[in-house]
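Chains as they are written, first to last, in UniProt numbering: chain A, 1 to 389; chain B, 1 to 389; chain C, 1 to 389; chain D, 1 to 389.
Shown next, in the form of structure tokens:
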């Protein structure tokens, strides 16, 4: 059996070689300052085949597992968090279909063909004030005679907004006796799609996660993925979305945390202390500070590894799955915030400059507060796990 | 005896009435975006007599105590953190002299006259890589025949850089057999002063705390405040500086924390939940989140109150004073970071917009990591209190 | 004006001299092991006049303030936490009446005479499953023709159970059209009182806080203190109870925290490291550990000082008072738990022995989780402060 | 491929069926109160074949992996923490040899025969003031002509002291030009072994981890496992010890944390609130409390799973291994302390009784502060990982 860590290292060298990461890191500063999209990064990722990572070999892709992609995304996020967060959305869409195939559902394998053909997928799930998230929608889905739907509503935080060509969306069909949630895909060139130009946020700016306004946008019948009742309802599609979303978003923040610690360490090595006559890297109180943050960080990639490998191995955690997945993502984003704060303490005033990579990571890390479900929105699930039968 | 809280409320109404604060708050967004100095705020503060708060009545000022100014600064910081942080520097200089007078040293009372005449004082103590802070200096002080000095060195984080007219500075005179630290004041129009134009930082931007380069800047003999050996050396001037600095910087972050919690609460009242059919202010998990942050916050103004009143009452905490003062400031800045993070969780994605007051407070709060002594630089002092005799 | 700290030191020397504390500390181990009451401590405290601390000079006592008693209780708790926690109950009863006198209500001054005559007061408020605490009661109060009541119910955690002679209790009179809460005092030799012999708990064992069963126990008419509606109802008696209870219970845990840090420091000085060839007191990671705990601790006595002095000075915090008081007590008990944990880390395996003072403090500190309102019971109050109008 | 979780459930049912655990849990209270050893538990574990879990099938055992044993130990610790912690020591000795076999070193396979024959192994590594732990020893090892040694020294925290028949020990041979560490096994009936009768500690009492005094105790030549230089020195034996020790000790505290949360939940379901008219399980603030603790806990078994599976799969983390292993164990023990504290808050005053399982778990969890390396002793390793080359 090949050592997993060797395999990860090989994949890193193949898909995200050091010199590529260095270019990403340098461009990240400019994208952030200009509030621009990561076009050049994307072009290089496409050239690397990065957007096909999840596509199974039988469909022409490299067939990477969620565990493997999670590691790559951690690595990418260490260089360009917003690039990683945004490309995540495309990767998730492909990962979802791979997960379904692995579990015997081949209904969405058409997506692999489109991915191989260069289509870029994005996520149109989040909506204003919809804390049901996957289990409900404020978007109206009007059924059409041919089995398709017309969708009208607003989707927010649509990463990749300048470039996506396919969007996974959901809406609520209230035309029948019982309301039904509809999941499926719409195309960018369909009529009725407007992308907001309002995007000026604290962090993860290059993701350009603008709102998407849908006005009677057609979802073709062959692109309808699922209909299901709103509310809690076990379904392979939504399970696959949750799994890919939580673990890959977690991977991004794990990468941010890791990079912040590296920058904190570099700061300590760089700073000179008049009092001790050494660099700060030799002052015990600072060593202790970064040691504690590093120890806390270590649990994060471990938790991501454990769950992503369970997922890849088709381990059945049953109703515990959402708890596990969400806790991993929440822990990762908390680690990113703590690690960037620690790193600022280590780097000193120089880290506070807007030109420093660290001050950008600090802002990027704050985005981790907002992915669904938020820490508070998830509390009832964790309480119920212990208290409700 | 007048109720202290009534007195604080009267002072708030007199010096920082609500409508003034509202103007400050509105302008704060613009200063931050434009990376500009708070000229209009300053003009209004001057008009209010805010810059004379500490001047004793015998010198024509209102003679406020440190406890009273601390409360006003908390209030000001709740509207305009950078304005509060910068004007702090002027207030400290006056507060230092007041504290010396209260303890029988009237050697610097000339400063009151200058303050009443409209001079603006600032702090030129912090230097690159000088973690001795008050106890050492990398600035060269060359003694002159008339008892004055010529100063050459770099001072960093000089708040109020566009407007200060007087700067408290220190330097090291190594010309004699034993090195001596010199403290005193220089004037803005003295030769040899250059103010850096490099200022682009994450938060507290309107403070315009640019670096100040000193090249043989004359400190006139009558403006020399102290000479003393470098290292630990009990002295009323440096004690007064430490006290005013730690407690008033702490006040700024206490004010930021308080305001963040208000914004978090406003966010919860504003947001609607599809799941609960109410605002988020009625969802227990969010109520609990902000409740915990508020409970944590309460210790901060209490600690500032306890110590500032002890200071005003001339209570002698002896060698424990620095521990008390520094712990209060560190706790305040930690509370600001935690409160802004909590408030972002409460406000949801809207708080992440660069146009939101909260995202600015989040950046402003991060500045609290850097005031001297940092959490790590202070650790030896706290350890020594328990372990060394 | 006399320096407050000098005054505190004088009171410490007068009421709790070092050698007395040392005897308390030695006996504490025995009381804990034998699950016995602190009879000898109590005799010495009585001899010191400690039980009359709050009695105003006009009634023959020393007339100490809440701030002064808070400091003495911190000191006492550092030697014998359970003794301090139990004698607290008596002190509170007297402090409550003093607070009422200070605010113009002399209706309960008879209590001072009893205290001077040697009666010992205790608290009979807590009841099983009564999370209304002061605002409700499961104890039945039957009104009698003479204005007195007969009380039937169970009171729990009645500290001082072996020795109290007077018990402040409350009960609910449901005989009229509207239920009424009755507050007053019963005497130990009244008929119907049974003290449980069930007491075997984790910590604070010497407090002997056994349950008290009341079966038609007479509260004489002249010992009825108040009747009021159940629920939230502003009243000077209950305000005085809350203030004394929260701040003096907080004082006990502040004292435990402080002592734990001393023991942690002593542990570090005692332990030798083969690796460093020094004591642990010279190893930076351990110094940092105890430094952080000490810094955290400092906020606790400061908060107690701020509020107890406000209380003594009749500062009116209005509806904010309960938040302030409860937060101070919760912070103190959290600090005690954290400090004892830190101290165990510093003391190493030796601290784990049942014979070590530290392992006892660790158990005593855990009692702080249970005083009303608990951290969770208090959360709605803190949330309401920000969210409800 | 069999679902791992199904396999874990099967092993749980086979080796630790519910009714067995229930007996362990009931007896745990008695062992703790009487300060007695878990004789009856041990007899049942022996009967279950639990002491042979790690013995490979080729040597007649069931050949369980570290991941599988980790899960069983979590389960056992949930019922009887001290039993789990003590039997851990025997399991580690066998696990160490299994790990060596898996990596090609069959030099200690004689141990399997002894385990199958009923010998009970224990750990004699910890020594007073030896913070080198595995990398040094204060025990004198005198080389004998036949290749054996005579050992003289003191070993502390020797769990299983009443029953062990084989002890893995190390000592320092300073007879040659270079000092050498010696690792090997001694037999209980060898001359010179005294087991202290001093054992009265806060928690994990049934482990009876008494000190072992060695006075020229012979280690037979064929029981010498290794000689190596003191200090950092890569070696399969010490790597296998570290891995088994950290992960299996971590498993014990993970089990304690999990059980504490169950007891906290049971407490909430049991308690009635007069205020809400429901059980506490329906009060949001308490639900939130236990939800947060549960979410924090989830990372702990995940981290143990990730690393134990990597270990079983022979993944090579190189010099990162010790960081990973130690962080997992420290996190597990912290989770146990936090979970027992949270559970006490949930269970209320009833949990404070010495008769409650929870108050015992709270004391047992405190033992987790002391396993080597302690949190502070480990800080340099984590710092070095980031800062040193």
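A virtual CB, placed ideally from N, CA and C, is assigned to each residue, including glycine.
- Burial check for residue 290 of chain D: the Cβ neighbour count within 10 Å reaches 16 or more, so the residue is buried.
- Three or more Cβ pairs closer than 8 angstroms define a contact, and the stretch 65-84 of chain D meets that threshold against the stretch 298-310 of chain D.
- Boundaries of the alpha helix (DSSP H) harbouring residue 92 of chain D: 81-102, taken from the DSSP string.
- Cβ neighbours of residue 163 of chain B within its own chain (closer than 6 angstroms, five residues either side excluded): 120.
- When the alpha-carbon of residue 123 of chain B is set against those of B:202, B:241, B:205, the nearest one is in B:241.
- Below the 9 angstroms Cβ cutoff, chain D contributes 284, 287, 288, 291 as neighbours of residue 285 of chain B, in chain order.
- By the criterion of at least three beta-carbon pairs nearer than 8 angstroms, the stretch 26-45 of chain D is not in contact with the stretch 361-374 of chain C.
- Following the DSSP letters along the chain, one finds residue 312 of chain D inside the alpha helix (DSSP H) bounded by residues 284-312.
- As far as DSSP is concerned, residue 270 of chain B takes part in no beta bridge.
- Contacts with chain B at 7 angstroms (Cβ-Cβ) do not include residue 67 of chain C.
- Interface criterion met: the Cβ of residue 5 of chain C is under 7 angstroms from a Cβ in chain B.
- Taking C-beta separations shorter than 7 angstroms and ignoring five residues to either side along the sequence, the partners of residue 286 of chain B in its chain run 268, 280, 346, following chain order.
- Out of D:99, D:239, D:21, D:147, the CA that lies nearest to the CA of residue 325 of chain D is found in D:239.
- When 9 angstroms is used as the limit between beta carbons, residue 370 of chain C is near these residues of chain D: 344, 345, 348, 349, 351, 352, in chain order.
- Cβ neighbours of residue 198 of chain C within its own chain (closer than 8 angstroms, five residues either side excluded): 210, 211.
- Contact between the stretch 98-116 of chain A and the stretch 326-342 of chain A is not established, with fewer than three Cβ pairs separated by less than 8 angstroms.
- For residue 311 of chain B, no CB of chain C lies under 7 angstroms from its own CB, so it is not counted at the interface with that chain.
- Residues of the same chain with a CB within less than 7 angstroms of the CB of residue 245 of chain B, apart from the 5 flanking positions on each side, are 92 in chain order.
- When rounded, the separation of the alpha-carbon atoms in residue 9 of chain A and residue 158 of chain D is 42 angstroms.
- A direct Cα-to-Cα measurement between residue 74 of chain A and residue 306 of chain D gives close to 17 angstroms.
- With fewer than 16 other Cβ atoms inside 10 Å of its own Cβ, residue 272 of chain C counts as exposed.
- The stretch 50-58 of chain C makes contact with the stretch 78-97 of chain C: 3 or more CB pairs, one atom from each, lie closer than 8 angstroms.
- Within 9 angstroms of the CB of residue 341 of chain D, the CB atoms of chain C belong to 337, 366, 369, in sequence order along the chain.
- Residues of chain A whose Cβ lies closer than 7 angstroms to the Cβ of residue 327 of chain D are, in chain order, 295, 298, 299.
- DSSP places residue 171 of chain D in the strand class (E or B) of the three-state scheme.
- Interface residue (Cβ-Cβ distance to chain C less than 7 angstroms): residue 303 of chain B is classified as such.
- The Cβ-Cβ distance between residue 78 of chain B and residue 255 of chain B falls below 7 angstroms.
- Secondary structure within the stretch 212-257 of chain A: the beta strand (DSSP E) runs of 3 or more consecutive residues, fully enclosed, are 224-228 (chain order).
- Runs of the beta strand (DSSP E) lying entirely within the stretch 124-167 of chain D and spanning at least 3 residues, in chain order: 140-143, 149-158.
- For residue 321 of chain B, there are no CB contacts under 6 angstroms within the same chain when 5 residues up- and downstream are skipped.
- Put simply, the CB of residue 131 of chain D is near chain C, with a gap under 7 angstroms to one of its CB atoms.
- Contact with chain D is found for residue 379 of chain C, since one of that chain's Cβ atoms lies less than 7 angstroms from the residue's Cβ.
- Here residue 337 of chain C is near residue 365 of chain C, since their CB atoms are less than 7 angstroms apart.
- Residue-level contact by beta carbon holds for residue 265 of chain C and chain B, with a gap shorter than 7 angstroms.
- Burial is judged here by how many other beta carbons sit within 10 angstroms of a residue's own beta carbon; residue 90 of chain A has at least 16 and is buried.
- Taking 8 angstroms as the cut-off between beta carbons, the residues of the stretch 135-162 of chain D near chain C are 136, 138, 156, 157, in sequence order.
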